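Chemist: Before I ask anything, here is the structure I am working with.
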Amino acid sequence: MARSGLPGRREAGVICPHCAASLTGKERAGRVCGPCGRRFALDPAVDGKGAHDIRIRRIVEHATGQGRLRITLHQLWYLSLSHHEAWPPRPAHGVPPRVRRLVAWPVAVVLLGCAVLGTARGPALLAWAAAGAAFLVLAVASSMRHRPARRAGFAAVPDSTTFYRRMADGWTDVYGGLPDGVVDDEYPLPDPSVPSGRPEAVILCTDSSVGAFLRINGIPARLGAVVIAPGEEDGAREAGFVADALRELARHRGTLPVVVVHDAEPLGVLMAPLVRAAHPGRTVVDAGLPVAVARSRPGAVVLAPHGSAVGAHELRTVASLSEPDAAWLAEGFWSPLAAVPPQLLESVVVRAVERARSAGPAGTGDADPGFLAWPAEQWPADACAAAGAARSDGGAPDTGRGRTGPGASRKKGGGAP
396 MARSGLPGRR EAGVICPHCA ASLTGKERAG RVCGPCGRRF ALDPAVDGKG AHDIRIRRIV
456 EHATGQGRLR ITLHQLWYLS LSHHEAWPPR PAHGVPPRVR RLVAWPVAVV LLGCAVLGTA
516 RGPALLAWAA AGAAFLVLAV ASSMRHRPAR RAGFAAVPDS TTFYRRMADG WTDVYGGLPD
576 GVVDDEYPLP DPSVPSGRPE AVILCTDSSV GAFLRINGIP ARLGAVVIAP GEEDGAREAG
636 FVADALRELA RHRGTLPVVV VHDAEPLGVL MAPLVRAAHP GRTVVDAGLP VAVARSRPGA
696 VVLAPHGSAV GAHELRTVAS LSEPDAAWLA EGFWSPLAAV PPQLLESVVV RAVERARSAG
756 PAGTGDADPG FLAWPAEQWP ADACAAAGAA RSDGGAPDTG RGRTGPGASR KKGGGAP
């Protein structure tokens, strides 16, 4: 079999999204198809693995349910990730090189001095022993390894800034706008979510992008519910949102049930208990992304931008988390709701609101439905694979093996959250 790069081997082609021709590098110079002369937005050879118009279209088609739903640009970013990785903090290990030099060199100099003096005034064997000890000290010091400390972090391909720039500039320049069914959640969105009559439930959402997704699809209006969610400028993970949300909730009559929709992160898992404590007469359903699912599900995105301000003990006692789940959050990991496949997210919210509305007032036995179990079996191991996403070079469909799926609230001017 010929190796890649040998003379006579044809360069792997990229499929033109317009005429389906397989294009070599020369045939797609300047992102223009040689055979048909039409422009395209993304080139995996330039923009990186997974950056291809056909792949983005297929992801959008699957995520929107063939156009039934609309999704936000932030959700599309998570769904289109070709790679992401989170890592925990790591303490320093070993002796730093500077310390080794400060200790080893003076000791070696003293031993060598003893060897020189021993050669002139003492037994030769003792002098040779001192010289050997000096070289042994230097050899041991140079062989010692040091691993510096590392903060918890998250890396994504593409990062959010790159993805938004490609879609806002490259894609819209070529196609005149975002893909059909995709809405830029950075700008004010029309809100068809206000119910026509008196609201029958409250959806408390800690993620601004998910709140936008619910509104632009009219889900709250369909369910007779109102949405309380942070604005884009507020930051969905800011603790100040808790006080604002509780004040907003107090404006609605006390008999309205509350559905809490949140990320798998400390603020989110504490939200439902806080609402129950502040409004003991309300029915509260926790429909947030379960930490156990985010921690163990292959298709879930895991982020680790910084450590948690809440300890594992508080998470266990207040949020009733298991020991492994509480430790996972306390270590700094979390998983965003915006990365959940949109059709699954819709079904969970609909089931939660219907369940909350059918429950009686709090304190009447079956009043509090508590935690809503997520249908994890409906969550594909890889959202991109389920979308029938094109191979990263724009060729045949990829199986998605080795790629993990798609969240965090969108951070302006940054890469990965």
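Okay, so the sequence shown: first residue is 396 according to my numbering, each after it adds one.
By construction, the Cβ of each residue, glycine as well, lies at the ideal position given by its N, Cα and C atoms.
Just so it is clear, the structure is predicted and the values come from calculations on it, not from any experiment.
1) Spatial neighbours of A487 within its chain, please: C-beta separation below 7 angstroms, excluding the five flanking residues on both sides.
2) Just the C-alpha distance for G606 and H413, rounded to the nearest angstrom, thanks.
3) Considering only their Cβ atoms, is the gap separating R452 from N612 smaller than 9 angstroms?
4) Taking the alpha-carbon of I614 as reference, which of G432, D579 and V745 has the nearest alpha-carbon?
5) Suppose contacts are defined by Cβ-Cβ distances below 9 angstroms. Is A699 in contact with W729 by that definition?
6) Within a Cβ cutoff of 6 angstroms, which residues of the same chain sit near G458, ignoring the five residues on either side of it in sequence?
7) Can you tell me whether DSSP reads G527 as helix, strand or coil?
8) Mind checking S538: buried by the 16 CB within 10 Å criterion, or exposed?
9) Do the CB positions of P652 and G619 come within less than 9 angstroms of each other?
10) Report buried or exposed for P685, applying the criterion of at least 16 other Cβ atoms within 10 angstroms of its Cβ.
11) Since E595 is in the beta strand (DSSP E), which residue starts that stretch and which ends it?
12) Mark E480 as exposed unless 16 or more other C-beta atoms lie within 10 angstroms of its C-beta, in which case mark it buried.
13) DSSP state of R750, grouped into three classes?
14) Go through its chain and collect everything with a Cβ distance to R546's Cβ below 7 angstroms, but skip five positions before and after it.
15) Using only the alpha-carbon positions, how far apart do A734 and V535 sit?
16) Specify the secondary structure class of T467 as computed by DSSP and reduced to three states.
17) Take the Cβ of E718 as the centre, count every other Cβ of all protein chains shown within 10 Å, and call the residue buried at 16 or more, exposed below.
18) Looking at the secondary structure, which residues open and close the alpha helix (DSSP H) in which F608 lies?
19) Pairs of beta-carbons, one from the stretch 637-651 and one from the stretch 711-726, closer than 8 angstroms: are there three or more?
20) Can you check whether the CB of A424 is closer than 9 angstroms to the CB of L437?
21) Hey, quick one: how far does the alpha helix (DSSP H) through A687 stretch, first residue to last?
22) With C-beta atoms as the reference, is A667 less than 9 angstroms away from V679?
23) Going by C-alpha to C-alpha distance, which of A640, P430, G565 and A754 sits closest to D602?
24) Buried or exposed: C816, going by 16 or more other Cβ atoms within 10 Å of its Cβ?
Modeler: Taking the coordinates as given:
1) R542, P543 and A544
2) 35 angstroms
3) no
4) V745
5) yes
6) Looking at the sequence itself, residue 458 is Ala, so the reference to Gly does not match. Within the same chain, A458 has close Cβ partners I466, L474 and P737.
7) helix
8) exposed
9) no
10) buried
11) Note, E595: premise wrong, no beta strand (DSSP E); not H, not E.
12) exposed
13) helix
14) P484
15) 49 angstroms
16) strand
17) exposed
18) S603 to I611
19) no
20) no
21) V686 to S691
22) yes
23) A640
24) Here the chain comprises residues numbered 396 to 812, so residue 816 is not present and cannot be evaluated.
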